[in-house]
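Structure first, then comments.
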Amino acid sequence: MKDAKKDSEMVWDQIQMRSPSGNPLVLGHSTRPIPKLMVWLILFVSVTYVVYTLKLLTASVHHTSDDFSFTLSTRTGITSPPSILNQTAETTSPLLRHRDVREKPVVAVQMPNKPKPTEIHDIVFGIAASSKLWQQRKEYIKIWYRPNKMRGVVWLDDRVKYSPEDKQTLPPVRVSSDTSNFAYTNRQGHRSAIRISRIVTETLRLKMDNVRWFVMGDDDTVFITDNLIRILRKYDHTQYYYIGSLSESHIQNIFFSYGMAYGGGGFAISYPLAKALAKMQDRCIQRYPGLYGSDDRMQACMAELGVPLTKELGFHQFVRFMLSFAQALWYVAIRLKDGKDIYDVYGNLFGLLAAHPVTPLVSLHHLDVVEPIFPNVTRVEALQRLMLPVKLDSAGIMQQSICYDKSKSWTISVSWGFAVQIFRGIFSPREIEMPSRTFLNWYRRADYTAYAFNTRPVSRNPCQKPFVFYMSKVGMDSELNQTVSEYERHHVPHPPCRWKMANPGALEMVIVNKKPDPRLWDRSPRRNCCRVMESKEPGTMVVNVGVCKDGEVSEV
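Numbering-wise (our numbering), the sequence shown opens with residue 64 and increments by one.
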C-alpha cells in the first residue's frame with residue numbers, strides 16, 4: 064500500500080510540474096523524458112482534427128454548389144448547368160470552385176423580355192347603339208373615334224343608313240344576332256338588354272388579331288382614349304380583369320350592386336376573361352330572366368366566373384344616377400319605347416366636372432339629356448371644344464387645382480381645360496374638392512344622401528356665389544413648352560354683396576399656364592398646385608398650374 068501511495072504521489076507531482084501546453088516546467092536541474100504514449104496520443108488527435116476539418120470544408124463547397132445550381136434551374140427553367148458546374152468544381156481548388164459556382168451562372172441568366180405596354184390598337188371597342196337614335200348619336204362617336212388608329216364595332220338592333228362619310232369617321236356597324244330565344248320577365252325594363260349584354264361575346268367571335276382588351280360603351284359615351292390606355296396599362300391583360308366604375312347614385316348601387324360596372328360609363332374586359340365569358344354567357348343569361356338591364360346580367364356572369372369588379376373612378380356613368388333613382392325604388396317606370404329614351408331631368412353637371420376626383424378622366428355619358436357642358440353652344444360643339452385641351456394634355460384634363468390670392472382674400476379653383484371658379488373669402492381645400500350640388504336628382508324627394516360621394520350645398524350667401532370662367536381657347540407655347548388656356552367670364556346676374564373686399568366681377572379673363580405632364584399618373588395620385596401670378600393686363604388674372612414643389616401646400 065505504501066508503494067502504491069508513493070507511486071500516485073509521484074504521478075501527481077509530474078502533472079503539476081507541466082505547463083498548460085504540456086511541456087514540463089523546468090525547476091532546477093530535475094528533468095524527465097516525455098512518455099512515448101503521450102506523444103503518440105497528441106499526434107493522433109491532431110491528425111484526426113485536420114482530416115475532419117478538411118472533410119467539412121469539402122462537403123460545404125459541394126453543398127453550396129448543389130443548392131445554387133438547383134435555385135438557378137428552378138428560377139430560369141434551365142436543367143443542364145448543374146452538371147457542368149459540378150464538372151468545373153472537380154477540376155479546381157475549393158476557393159476557385161466556389162467562385163465559379165457563384166459567378167458563372169449569373170452571367171448566363173437571361174431576363175425575360177418585358178411585354179410591350181398596351182396601345183390603342185390593342186383595344187377593341189364594342190359600342191351598343193339603337194337604330195332609331197343612330198343619326199343623332201353617331202355624332203358623339205365621331206368626336207372621339209379615329210378609324211385609322213382604333214378598332215371597334217357598333218352593334219345595332221336593325222339596319223341603318225351608312226354613308227361613305229360614315230365609313231371615314233365611324234367604326235363598322237353590325238346587326239346583333241337574334242335573342243328572341245332568351246327569356247326576359249322584367250316588366251320595368253326592355254329585352255334589348257339581352258342583346259347589349261352579349262356585345263363583348265359577339266365582338267370576340269369576330270376573331271380579330273392581337274386583342275388585349277374589349278371596351279364596352281354606349282353610342283352616347285365619349286371616351287378620353289389616352290386616359291383609357293393609361294388605366295389599362297396598370298393591369299396584366301393576360302389575367303382575368305373586369306374594370307369599370309359604379310353609378311353616382313347610392314340608392315341605385317344598393318339596388319343593383321356595388322360590384323357592378325355601369326356600361327354607359329364604359330367598362331373593360333381582358334381578352335382571357337372575354338374568352339371564358341363567351342363559353343358560358345348564353346347559359347348564364349338564361350338563369351337570370353328577371354334582371355333589369357345588360358349591366359346586371361354581365362355582373363351576374365362575372366360572379367359565376369368568380370371575377371370581382373376592379374374599380375376605376377374615371378369611368379363616369381354621370382346622368383343615369385339622376386334618371387334611374389326611380390327605377391331603383393320602382394316608383395316610376397323608365398322604359399325604352401321604339402328605341403327612344405324617356406327622361407325627365409333638370410340641372411347641370413358643372414359641380415361634378417369642376418371638382419373631378421384625383422384620377423384620369425376616362426369617359427362621359429348621357430350628356431345629351433342635360434345642359435351642354437359649355438354655355439351658349441350645342442352639346443356636340445361643347446364636347447368638341449373639350450377635345451382641344453385633351454389633344455395637348457390629356458392626362459391633366461379636368462384635374463382640379465386649388466390656390467389663393469392672399470392679397471384679395473380670394474379662393475381659386477381651376478378645373479384645367481374646363482372652368483375656373485373664383486370665390487370671395489377663404490374656403491378650405493376640403494370644401495372646394497367636394498362637388499357643389501348644381502345638379503339635381505331625378506326623384507324630387509331625394510336629398511344629398513342619395514349620392515355615392517360627398518357633396519356640398521350651393522351657398523346661399525350672395526357674397527359666396529362663385530364667379531365662373533369657362534375655357535374658350537387653348538394653345539401651346541412652343542418656346543416655353545407650356546399650354547396657354549384662356550377662360551372667359553360667364554356673365555350671369557350676381558346678387559349685391561356688402562363685404563368690403565375686392566370684387567372678382569372686375570375680371571373678364573383668367574389665363575392658365577401649364578406644362579404638359581404625360582407622366583402625371585405614373586406617380587402617386589396628387590392634385591396639381593396652382594399659383595396666382597402677376598398680371599400686366601387689367602381685368603385679367605394669370606395662374607400657373609403644375610406639379611407641387613417640395614413643401615408646397617394649398618394653404619393661406
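We put the beta carbon where it would ideally sit given N, CA and C, even for glycine.
Beta strand (DSSP E) segment containing residue i, residue limits
i	result
L219	R214 to L219
K536	F530 to D540
W276	W276 to D281
Q484	A482 to R487
S464	Q463 to D468
R237	V236 to V238
L427	S426 to H428
Cβ neighbours of residue i in the same chain (closer than 7 Å, five flanking residues each side left out)
i	result
T266	V187, G189, V216 and F277
Q344	R261, T264 and C364
H557	K528 and G568
N607	N576, C593, R594 and M596
Which of helix, strand or coil DSSP assigns to residue i
i	result
W473	strand
I105	helix
I460	coil
S478	strand
Y247	coil
V187	strand
Y305	strand
R523	coil
K99	helix
A569	helix
A630	Missing from the structure shown is residue 630; the chain here goes from 64 to 619 and no further.
S617	coil
Short CB-CB distance (under 8 Å) between residue i and chain B
i	result
Q527	The structure shown has no chain B; it contains just one protein chain.
Per DSSP, cross-strand counterpart(s) of residue i
i	result
G414	Paired residues: none, contrary to the question.
M497	The partner list for M497 (beta bridge, DSSP) is empty, contrary to what the question assumes.
L336	According to DSSP, which records beta bridges pairwise, L336 is partnered with nothing at all.
N607	N576 and R594
T546	M539 and K577
V110	None; V110 has no bridge partner.
V285	L427
K374	G307
R346	Answer is none; R346 lacks a bridge partner.
R222	R222 pairs with nothing; no bridge assigned.
F330	M279
E551	Y533 and M572
For residue i, the first and last residue of its enclosing alpha helix (DSSP H)
i	result
R453	Before going further, note that residue 453 is Val rather than Arg in the sequence given. Where V453 is concerned, the enclosing alpha helix (DSSP H) stretches over R442 to D456.
R293	T288 to L295
L269	Neither: L269 is in no alpha helix (DSSP H) and is coded neither H nor E.
Y203	W197 to W207
R258	S255 to S260
S357	S357 to L368
E600	First-last for E600: undefined, no H or E at that position.
D229	P227 to T232
Residues near residue i by beta carbon distance below 8 Å, same chain, minus five either side
i	result
T518	G414, M497, P498, S499, R500 and Y511
R561	C526
E375	I294, I306, G307, S308, T422 and V425
Sequence-distant residues of its chain with Cβ nearer than 6 Å to residue i (five each side left out)
i	result
R258	S239 and T242
A417	S478 and A482
R254	Y247
A445	P435, I436 and F437
I465	S476, P492, I495 and S617
L119	none
Touching by the beta-carbon criterion (3+ pairs, under 8 Å), the segment 423–438 and the segment 277–292: The way I'd put it, the segment 423–438 does touch the segment 277–292; three or more beta-carbon pairs between them come closer than 8 Å.
Inter-stretch contact at 8 Å, needing at least 3 Cβ pairs: the segment 341–356 / the segment 295–306: In short, these stretches do not touch, since the Cβ pair count stays below three.
Three CB pairs or more closer than 8 Å across the segment 468–487 and the segment 568–585: yes
Segment contact flag, the segment 527–544 with the segment 449–461, C-beta cutoff 8 Å, min 3 pairs: yes
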